[in-house]
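The structure appears below as structure tokens.
2 protein chains.
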Amino acid sequence: MFIESWRGSIVESRHRVHVAVVDGEGRLVARAGDPDLVTFWRSAAKPFQALPLVADGAADRFGLTSEELAIACASHSSEPRHVELVRAFLKKVGCGERDLLCGPHPPLSEAVAKDYQTRGVRLTAVYSNCSGKHTGMLALARHHGWPTEFYTRPEHPVQQRCLEEVSRWTDVPVQRLGTATDGCGVVCYALPLRNMALAYARLSSPAPNQESAGFGVRSAGSNGEGREASDLPLKPRTPHPALRIVQSMLRHPDLIAGSGRPCTDLMRAHPGRVLAKVGAEGVYSALIVPEGLGITLKVEDGNSAAAALAIAAVLADLGVKPQPESLTVRDHINSRGDKVGELRVNGGLEKQKDGGWGMGDGYA
Amino acid sequence: MFIESWRGSIVESRHRVHVAVVDGEGRLVARAGDPDLVTFWRSAAKPFQALPLVADGAADRFGLTSEELAIACASHSSEPRHVELVRAFLKKVGCGERDLLCGPHPPLSEAVAKDYQTRGVRLTAVYSNCSGKHTGMLALARHHGWPTEFYTRPEHPVQQRCLEEVSRWTDVPVQRLGTATDGCGVVCYALPLRNMALAYARLSSPAPNQESAGFGVRSAGSNGEGREASDLPLKPRTPHPALRIVQSMLRHPDLIAGSGRPCTDLMRAHPGRVLAKVGAEGVYSALIVPEGLGITLKVEDGNSAAAALAIAAVLADLGVKPQPESLTVRDHINSRGDKVGELRVNGGLEKQKDGGWGMGDGYA
Numbered sequence: 094m095f096i097e098s099w100r101g102s103i104v105e106s107r108h109r110v111h112v113a114v115v116d117g118e119g120r121l122v123a124r125a126g127d128p129d130l131v132t133f134w135r136s137a138a139k140p141f142q143a144l145p146l147v148a149d150g151a152a153d154r155f156g157l158t159s160e161e162l163a164i165a166c167a168s169h170s171s172e173p174r175h176v177e178l179v180r181a182f183l184k185k186v187g188c189g190e191r192d193l194l195c196g197p198h199p200p201l202s203e204a205v206a207k208d209y210q211t212r213g214v215r216l217t218a219v220y221s222n223c224s225g226k227h228t229g230m231l232a233l234a235r236h237h238g239w240p241t242e243f244y245t246r247p248e249h250p251v252q253q254r255c256l257e258e259v260s261r262w263t264d265v266p267v268q269r270l271g272t273a274t275d276g277c278g279v280v281c282y283a284l285p286l287r288n289m290a291l292a293y294a295r296l297s298s299p300a301p302n303q304e305s306a307g308f309g310v311r312s313a314g315s316n317g318e319g320r321e322a323s324d325l326p327l328k329p330r331t332p333h334p335a336l337r338i339v340q341s342m343l344r345h346p347d348l349i350a351g352s353g354r355p356c357t358d359l360m361r362a363h364p365g366r367v368l369a370k371v372g373a374e375g376v377y378s379a380l381i382v383p384e385g386l387g388i389t390l391k392v393e394d395g396n397s398a399a400a401a402l403a404i405a406a407v408l409a410d411l412g413v414k415p416q417p418e419s420l421t422v423r424d425h426i427n428s429r430g431d432k433v434g435e436l437r438v439n440g441g442l443e444k445q446k447d448g449g450w451g452m453g454d455g456y457a
Numbered sequence: 094m095f096i097e098s099w100r101g102s103i104v105e106s107r108h109r110v111h112v113a114v115v116d117g118e119g120r121l122v123a124r125a126g127d128p129d130l131v132t133f134w135r136s137a138a139k140p141f142q143a144l145p146l147v148a149d150g151a152a153d154r155f156g157l158t159s160e161e162l163a164i165a166c167a168s169h170s171s172e173p174r175h176v177e178l179v180r181a182f183l184k185k186v187g188c189g190e191r192d193l194l195c196g197p198h199p200p201l202s203e204a205v206a207k208d209y210q211t212r213g214v215r216l217t218a219v220y221s222n223c224s225g226k227h228t229g230m231l232a233l234a235r236h237h238g239w240p241t242e243f244y245t246r247p248e249h250p251v252q253q254r255c256l257e258e259v260s261r262w263t264d265v266p267v268q269r270l271g272t273a274t275d276g277c278g279v280v281c282y283a284l285p286l287r288n289m290a291l292a293y294a295r296l297s298s299p300a301p302n303q304e305s306a307g308f309g310v311r312s313a314g315s316n317g318e319g320r321e322a323s324d325l326p327l328k329p330r331t332p333h334p335a336l337r338i339v340q341s342m343l344r345h346p347d348l349i350a351g352s353g354r355p356c357t358d359l360m361r362a363h364p365g366r367v368l369a370k371v372g373a374e375g376v377y378s379a380l381i382v383p384e385g386l387g388i389t390l391k392v393e394d395g396n397s398a399a400a401a402l403a404i405a406a407v408l409a410d411l412g413v414k415p416q417p418e419s420l421t422v423r424d425h426i427n428s429r430g431d432k433v434g435e436l437r438v439n440g441g442l443e444k445q446k447d448g449g450w451g452m453g454d455g456y457a
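If you read the protein sequences in the order shown, they are chains A and B. Take any residue in the first sequence, note its place counting from 1, add 93, and you have its number in our numbering. Take any residue in the second sequence, note its place counting from 1, add 93, and you have its number in our numbering.
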């Protein structure tokens with residue numbers, strides 16, 4: 094599968110896309126390119142970094158709203174309402190903006206960036222697209238009585254807890270998860286696309302009352318390499334932690350990204366049916382809720398515009414259509430304001446006829 | 094050849110690079126990936142769009158300086174001296190800023206862009222990185238008595254003249270040159286990398302006193318498909334048009350791009366030995382002057398940072414070293430100001446042991 098950049102009637106550049114579509118049992122349902130490609134999950138891992146908030150009881154203890162849980166999973170556009178929501182969330186968990194260790198950056202939304210620039214808004218950590226995730230991490234630290242200082246460091250219990258959660262949902266043992274520093278300073282995870290897709294598939298069907306870390310999810314220890322499920326501090330409640338996260342995200346597409354951004358547009362186009370979460374460097378994960386299909390794709394070269402077109406095309410290929418027009422073709426406009434070309438999708442998914450392969454192939 | 098984007102100790106994304114290295118006779122000396130890849134030359138074609146200025150006598154008629162010829166070949170950074178130079182050039186040829194049909198855009202240099210933003214400088218057409226090229230086109234129109242209006246249109250004699258010049262140097266018949274609209278509104282050219290490299294190789298050794306379009310360059314008509322050389326309005330002078338363009342570029346590396354930009358750094362690191370010219374969407378062309386080797390590369394996905402590292406690596410591979418440190422590895426800095434990874438080169442050129450192939454393979 095390629096996303097091609099056309100200029101006039103000629104392809105000028107192209108982006109290779111690798112895709113894994115997996116069901117809740119870990120079967121590869123469809124693919125493009127290499128579904129076992131190992132790369133960083135980046136911000137598409139946010140729902141799993143937010144899950145401990147619910148699972149460990151922090152969400153109940155602090156009375157977190159669905160808005161607050163949604164923003165904890167977001168790569169938000171730094172819109173005024175996003176920033177205000179994070180400020181209130183910080184206050185609720187007894188923290189302040191100074192506790193946030195994410196660095197500032199221009200808003201991901203060009204319109205918001207331009208507006209703040211015009212108005213001379215000083216961008217601080219709370220404006221980071223990751224400020225909701227960071228606030229969730231501070232909340233988790235407060236809840237467990239862990240220090241709030243240095244919560245971004247790999248050895249901090251917050252990061253260790255998130256690593257375990259990611260391991261459990263992806264079936265990749267903690268020791269095999271690659272780690273590095275994300276754009277905002279916390280730990281990010283490298284693993285095969287197929288395992289990322291599995292984690293999203295599982296979000297739609299956790300067995301609600303299961304007490305262990307399993308809830309329809311094989312624990313990281315199931316292949317003998319990870320920790321045993323009983324080591325993990327999960328304290329499931331009703332509704333199930335994963336369902337509460339999924340419902341919070343589905344309820345607030347406008348908080349997951351922002352006005353005009355692909356995640357928001359994709360989720361708004363198919364309310365309650367699609368959960369979509371972008372990651373930096375050309376990563377996209379999604380869940381088709383009724384079918385319980387998890388998707389993760391990576392544009393090999395990290396191009397974000399190509400990734401947005403690719404996820405819309407993959408969803409359409411799986412029957413979720415129509416997709417927003419802005420995500421089927423994207424015009425190239427030159428400095429004179431003329432259309433000179435466009436970004437287009439070439440190719441699609443290969444469906445796996447035999448019902449797919451086991452997850453044993455996942456970490457080739 | 095790949096340019097890999099590392100995060101910590103893991104490759105996160107990668108960029109495929111296609112390279113053709115060709116000598117003045119059209120022999121493929123070295124390659125990586127597909128040397129026959131067809132893509133747009135973009136701004137790396139500028140020296141050939143400036144050549145008619147000298148060849149047709151406009152440079153002599155208007156008394157153009159080496160600075161003015163260099164800026165006509167430039168993708169400049171919109172530094173104050175670049176903009177002032179273009180303003181004077183416009184005046185010299187009896188035109189004004191209003192005649193420029195390139196649209197404005199933020200300066201290619203981040204430092205310059207930031208400075209202008211802070212100072213509230215209003216960006217107009219003269220600030221376009223292509224304003225020197227456009228001024229050269231206006232000069233050519235004035236010289237020939239062609240209208241200066243609509244000089245960007247494909248049917249305008251200025252664009253027709255540039256197309257012929259590109260055809261002649263690349264050995265691609267006019268009819269086989271792909272065309273589209275460039276970022277600044279003029280015609281841009283699609284052709285195989287190998288033919289772009291050939292044109293650069295030929296820049297170093299035009300036979301100075303040859304009267305035809307040949308000057309050591311086979312004319313576009315040599316394979317029976319293009320126009321005959323005698324159709325072309327070339328009026329060579331002494332010094333040879335190509336030498337005057339090459340010398341102007343070599344003399345003013347700071348005008349070809351700008352402070353801290355790769356073309357300028359590469360040319361400054363090897364004064365008089367290397368001519369380097371970037372194009373948009375991951376294209377780079379270069380000439381190693383003493384050896385008469387022409388190089389063109391394309392990063393398949395269009396990534397510019399990868400293209401800069403790739404051209405430095407290719408030049409080093411061909412014996413032109415050391416390259417500027419900023420172009421051997423490029424750090425990724427996150428929003429907290431920490432280094433979290435880097436862009437690195439993986440792989441290199443395959444040398445063609447048998448002296449290479451003929452240009453007949455050039456347009457596969």
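Think of the CB as a built atom: it goes at the ideal place given N, C-alpha and C, for glycine as much as any other residue.
Could you name the residues of chain B that residue i contacts, counting a contact when the two beta carbons are closer than 9 Å?
i                : result
SER98 of chain A : GLU374, ASP394, GLY395
For residue i, return the contacting residues in chain B, with the cut-off set at a CB-CB distance below 7 Å.
i                 : result
ARG423 of chain A : Result: empty, since nearest Cβ-Cβ is about 14 Å, beyond 7 Å.
PHE243 of chain A : Those within 7 Å of PHE243 of chain A in chain B number zero; the least Cβ separation is about 13 Å.
SER352 of chain A : Within chain B, no residue comes near SER352 of chain A; the closest Cβ sits about 22 Å away, beyond 7 Å.
State the CB to CB distance for the pair residue i and residue j, rounded to an integer number of angstroms; the pair is presumed to be in contact (CB under 8 Å).
i                 : j                 : result
ARG135 of chain B : ALA373 of chain B : 4 Å
LEU144 of chain B : GLU257 of chain B : With a Cβ gap of about 10 Å, LEU144 of chain B and GLU257 of chain B do not count as contacting.
HIS227 of chain A : LEU193 of chain A : 5 Å
LEU231 of chain A : VAL131 of chain A : Between VAL131 of chain A and LEU231 of chain A the Cβ distance is about 30 Å, and since that is not below 8 Å, they are no contact.
SER297 of chain B : LEU380 of chain B : 6 Å
Which chain B residues are close to residue i, counting only those with a beta carbon under 8 Å from its beta carbon?
i                 : result
GLY197 of chain A : In the sequence on display, residue 197 of chain A carries Pro and not Gly. Within chain B, the residues near PRO197 of chain A are SER428.
Going along chain A, which residues have a C-beta under 8 Å from residue i?
i                 : result
PHE133 of chain B : ARG100, ILE103, GLU105
SER221 of chain B : SER428
Less than 9 Å between the C-beta atoms of residue i and residue j, yes or no?
i                 : j                 : result
HIS111 of chain B : LEU286 of chain B : yes
ALA218 of chain A : GLU177 of chain A : no
ILE349 of chain A : SER224 of chain A : no
SER159 of chain B : ARG337 of chain B : yes
ALA137 of chain A : VAL382 of chain A : no
ASN289 of chain B : GLY412 of chain B : First, the residue type needs correcting, since residue 289 of chain B is Met and not Asn in the sequence shown. No; because the gap between Cβ atoms is not below 9 Å, this pair is not in contact.
GLY229 of chain A : GLN340 of chain A : no
GLU435 of chain A : GLY395 of chain B : no
SER355 of chain B : ALA401 of chain B : The residue asked about is misnamed: residue 355 of chain B is Pro in this sequence, not Ser. Going by C-beta atoms, PRO355 of chain B is nearer than 9 Å to ALA401 of chain B.
GLY276 of chain B : HIS198 of chain B : yes
VAL407 of chain B : PHE95 of chain B  : no
PRO140 of chain A : LYS370 of chain A : yes
ASN222 of chain A : SER170 of chain A : yes
ASP357 of chain B : VAL433 of chain A : Position check: residue 357 of chain B holds Thr in this sequence, whereas Asp was assumed. No, the Cβ-Cβ distance between THR357 of chain B and VAL433 of chain A is not below 9 Å.
LEU162 of chain B : MET342 of chain B : yes
GLY353 of chain B : ASP116 of chain B : no
PRO247 of chain A : HIS237 of chain A : no
Where the stretch 99–111 of chain B meets chain A: residues whose CB sits under 7 Å from a CB there: ARG100, GLY101, ILE103, GLU105, SER106, ARG107, HIS108
Residues, ordered as in the chain, of the stretch 425–445 of chain B that lie near chain A by beta-carbon distance below 8 Å: ASN427, SER428, ARG429, GLY430, ASP431, VAL433, GLY434
Members of the stretch 254–282 of chain A near chain B, C-beta cut-off 8 Å: GLY271, THR272, ALA273, THR274, ASP275, GLY276, CYS277, GLY278, CYS281
Ranges of the alpha helix (DSSP H) found wholly within the stretch 178–230 of chain A, counting only runs of at least 4: 203–212
3-residue-minimum beta strand (DSSP E) runs that sit fully inside the stretch 345–394 of chain A, ordered along the chain: 367–372, 376–381, 386–392
Residue ranges of each beta strand (DSSP E) within the stretch 232–283 of chain B, 3 or longer: 271–274
Beta strand (DSSP E) runs contained entirely in the stretch 417–449 of chain B, provided each spans 3 or more residues: 423–426, 432–439
Sequence ranges, alpha helix (DSSP H) only - wholly within the stretch 113–156 of chain B, length at least 4: 139–148, 151–155
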